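**Q** Sharing a structure with you now.
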Amino acid sequence: MATTTSTTAGTAEEGPKSSNMRSLSRAMEVFAELQRAERPQRLSDLARNCGMSLPTTLRILRVLQDFGMVSQKDKSYRIGPAVLPAAKSFLENDPLAVAGRPVLQQLATQTGMSVSLHTRLGFERILVARVQGEAPMQYDLPLGKRLPLTRGAAGKILIAGATDAELKQVVAAAIASGHEEQGFTIEELKSRLPEPGCDYAYSANERVLGVLSVGVALTNRAGRANESMALNCPAEATTEEKIKANVPELRRAASRLSELLEGSVY
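Using the UniProt record's numbering, you'd call the opening residue of the sequence shown number 1 and step up by one each time.
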């Protein structure tokens with residue numbers, strides 16, 4: 001009798017908790033979709049992209065608005081001002097961002113190329129830090145930008161050597177988030193990845209036309225590659241041979257940053 005009561009009570013308690021977690025997960029999906037968007041999004045677009053009904057999406061947006069995470073204007077929604085304090089705290093306190101900036105600055109000075117630092121978040125990567133090189137890039141890439149793992153040297157190196165099962169997940173996620181077109185296949189992704197045994201990735205005109213890039217991974221204490229560092233340069237200012245000639249310097253910088261992070265709680 002006591003066992004039955006306990007089980008029933010436990011189920012009753014777990015029900016609301018489970019429902020709350022689903023609601024939180026859905027809210028994070030909507031928030032992430034707004035982060036990916038290049039411009040304010042209409043309710044119908046958000047609902048379709050997130051696979052939710054209009055009423056559910058609207059309820060989520062209203063809650064996010066209450067906390068300043070989302071702003072609305074002219075029936076369109078965008079990220080709200082409440083994210084700025086969180087971003088400031090991250091840039092000032094995160095070991096990767098703090099330790100990475102001087103390393104990136106030194107590498108940019110040595111090579112004359114722009115240097116970027118990325119961290120993996122699920123099936124995407126986030127730009128954590130960036131230092132401009134002598135040849136200015138012809139596009140703006142703000143910190144915190146969600147970027148694909150399927151395009152660009154800094155993304156591809158994070159999935160180099162991944163199993164087919166994981167690559168299938170990467171492909172599905174890239175299509176769902178709008179980074180790749182419908183019909184994108186695992187075979188196409190594999191054709192972009194480094195050859196087996198190669199510890200760096202190279203890209204040309206993949207994510208942005210007219211840009212060449214090489215990237216290497218940073219391994220943490222558990223041996224996982226969750227971060228990457230890349231050299232980027234306009235094609236008009238370099239060649240494939242020249243940018244690849246800087247891979248040894250890129251490796252040394254990545255190794256130096258990995259060593260700095262070993263002494264932190266990162």
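C-beta atoms are modelled at their ideal positions from N, C-alpha and C, and glycine is treated no differently. Remember, predicted model here, so these are calculated numbers, not experimental data.
Which two residues bound the contiguous alpha helix (DSSP H) that contains residue 190?
**A** Locating residue 190 in the sequence shown gives position 190, where the first residue counts as 1. Here the alpha helix (DSSP H) through residue 190 covers 186 to 192.
**Q** In this structure, does DSSP put residue 93 in helix, strand or coil?
**A** In the sequence shown, counting from the first residue as 1, residue 93 sits at position 93. Residue 93: helix per DSSP, three-state reduction.
**Q** Threshold first: 3 residues or longer. Then list the beta strand (DSSP E) segments lying entirely within the segment 110 to 159, N to C.
**A** Within the segment 110 to 159, the complete beta strand (DSSP E) runs of at least 3 residues are 114 to 121, 124 to 131, 146 to 148.
**Q** Would you call the CB atoms of residue 214 and residue 201 closer than 8 Å?
**A** Start at 1 with the first residue of the sequence shown, and residue 214 comes out as number 214. Start at 1 with the first residue of the sequence shown, and residue 201 comes out as number 201. Contact: yes.
**Q** Give me, in chain order, the residues of the same chain whose beta-carbon lies closer than 7 Å to that of residue 67; leave out the 5 immediate sequence neighbours on both sides.
**A** Position 67 of the sequence shown, counting from 1, holds the residue named residue 67. Result list for residue 67: 82, in chain order.
**Q** Can you pull the DSSP bridge partners for residue 229?
**A** Locating residue 229 in the sequence shown gives position 229, counting from the first residue. 117, 216.
**Q** According to DSSP, residue 71 sits in a beta bridge with which residue or residues?
**A** Translated into positions along the sequence shown, residue 71 becomes position 71. Residue 71 is bridged to 78.
**Q** For residue 47, collect the residues of the same chain with a Cβ closer than 7 Å to its Cβ; drop the 5 residues on either side in sequence, then sort them by chain order.
**A** For the purposes of this step, residue 47 is identified with residue 47 of the sequence shown, where counting begins at 1. Only 53, 54, 57 meet the Cβ criterion.
**Q** Can you pull the DSSP bridge partners for residue 202?
**A** Locating residue 202 in the sequence shown gives position 202, where the first residue counts as 1. Answer is 214, bridged to residue 202.
**Q** Taking the Cβ atom as the reference point for each residue, do residue 128 and residue 117 lie within a distance shorter than 8 Å?
**A** By 1-based counting over the sequence shown, the position of residue 128 is 128. By 1-based counting over the sequence shown, the position of residue 117 is 117. Cβ distance < 8 Å, so residue 128 and residue 117 count as in contact.
**Q** Looking at C-alpha atoms only, which residue of 39, 169, 23, 112 is the closest neighbour of residue 75?
**A** Position 75 of the sequence shown, counted from the start, is the residue given in the question as residue 75. If we check each option's Cα against that of residue 75, 39 comes out closest.
**Q** If you draw a straight line from the alpha carbon of residue 33 to that of residue 100, how long is it in whole angstroms?
**A** Start at 1 with the first residue of the sequence shown, and residue 33 comes out as number 33. Start at 1 with the first residue of the sequence shown, and residue 100 comes out as number 100. Between residue 33 and residue 100, the C-alpha separation is close to 27 Å.
**Q** Name the one or two DSSP bridge partners that residue 42 has.
**A** Numbered from its first residue, the sequence shown carries residue 42 at position 42. In DSSP, residue 42 forms a bridge with 76.
**Q** Run through DSSP, which three-state label would residue 234 get?
**A** Reading the sequence shown from its first residue, position 234 is the one you call residue 234. Reduced to three states, the DSSP call for residue 234 is strand.
**Q** Considering Cα atoms alone, identify which of 69, 225, 98, 96 is closest to residue 84.
**A** Looking up residue 84 in the sequence shown gives position 84. Comparing Cα-Cα distances from residue 84 to each of 69, 225, 98, 96, the minimum goes to 69.
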